[in-house]
Amino acid sequence: MRWKLLFLIIAFWVNTASVWALKIKDLSVAPYGDYLLLYAYLEELPWQDLREALRHGLGLSFTYQIEVYRIRRFLRDERVTVQELTRTVYYDPIKNVFFVQTVGALEAPFRAGSARQALAIASSLEGLPLLPLSRLSAQANYRLKVRAVVRKFTKTGWPKKIIKFLLFRGDTLETSWENLRFSL
C-alpha cells in the first residue's frame, strides 16, 4: 500500500513539473507618466517545437492573465483590475515572414524576420500599461498576479487539423501564477 501511495505522489509531482515548464521571470511594475507599467518575460520556451509548429502552418497564441488586488488586512482582497492580453504568432510561407499581432490592438501586426525574434516579441511584456495611477492610492499595498498560457491553434481545414493531431499533441503550455507585492 505504501508503494502505491509513493508511486502516486511521484507521478503527480512529475506531471505537475511538466505542466509548469514555462516560467515568468523578472516580474516588476513601475509608474511612468500617469500609468502603472508591467515588465516580465517568459523563460524556458521550447523554441524548436514552437518553430516547427509555425513552419507547418500552425499559429501560436500567447495569453497573459493579469490581476491586480488591493490587499486588506481583515477582509477579502479587493480586485482592482483583471486583464487578458493575447498575442498571436503566425507564419506566411509565401513572404517568408513571421507576424506577431496583439489581439484587439489597432496597430498593424509586427513583422519579424525569424521565428526566434517573433517568439521573443510575443513572450515579453515590456512596458505594458496596466491601469491609471489615479486608481491606486499611495497608502495601500497591492498584489499583482500574472499567468501565461501558450496554445497552438489551426486555421479551419482538415489537412492542418490532421497535421496538428499527428505531429503536435502537446498543444498547451502553462505557467503557474506569479505574485508580486507592491505599493506606490
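Okay, so the sequence shown: first residue is 1 according to the UniProt record's numbering, each after it adds one. C-beta: ideal position from N, C-alpha, C; glycine also.
#1: Per DSSP, which one or two residues make a beta bridge with L183?
#2: I need the DSSP call for R2, collapsed to helix, strand or coil.
#3: What is the residue span of the alpha helix (DSSP H) that R52 lies within?
#4: When DSSP builds the beta bridges, which residues end up paired with P93?
#5: When you compare each of V150, E107, A112 and A108 to K95 by their alpha carbons, which one comes out closest?
#6: Got a sec, what are the start and stop residues for the beta strand (DSSP E) I24 sits in?
#7: How should V89 be labelled, buried or exposed, when 16 other C-beta atoms within 10 angstroms of its C-beta is the threshold for buried?
#8: Within its chain, find whatever has a CB closer than 6 Å to the CB of V80; leave out the 5 residues flanking it on each side and keep chain order.
#9: Say whether the stretch 42 to 50 touches the stretch 126 to 141, bearing in mind that this needs 3 or more beta-carbon pairs closer than 8 Å, one atom from each stretch.
#10: Could you check whether L180 and L36 sit closer than 8 Å to each other, using their CB atoms as the reference points?
#11: Go through its chain and collect everything with a Cβ distance to P31's Cβ below 8 Å, but skip five positions before and after it.
Reading from the atomic positions:
#1: Per the sequence presented here, residue 183 reads as Ser, with Leu not at that position. According to DSSP, which records beta bridges pairwise, S183 is partnered with N141.
#2: In the three-state reduction of the DSSP assignment, R2 falls in the helix class.
#3: It should be pointed out that residue 52 corresponds to Glu in this sequence rather than to Arg. In the DSSP annotation of this structure, the continuous segment of the alpha helix (DSSP H) that includes E52 starts and ends at W47 to R55.
#4: According to DSSP, which records beta bridges pairwise, P93 is partnered with nothing at all.
#5: Per the Cα distances, A112.
#6: K23 to Y32
#7: buried
#8: V68 and R70
#9: no
#10: no
#11: Closer than 8 Å at the Cβ level, and outside the excluded window around P31, lie L37, L133 and L184.
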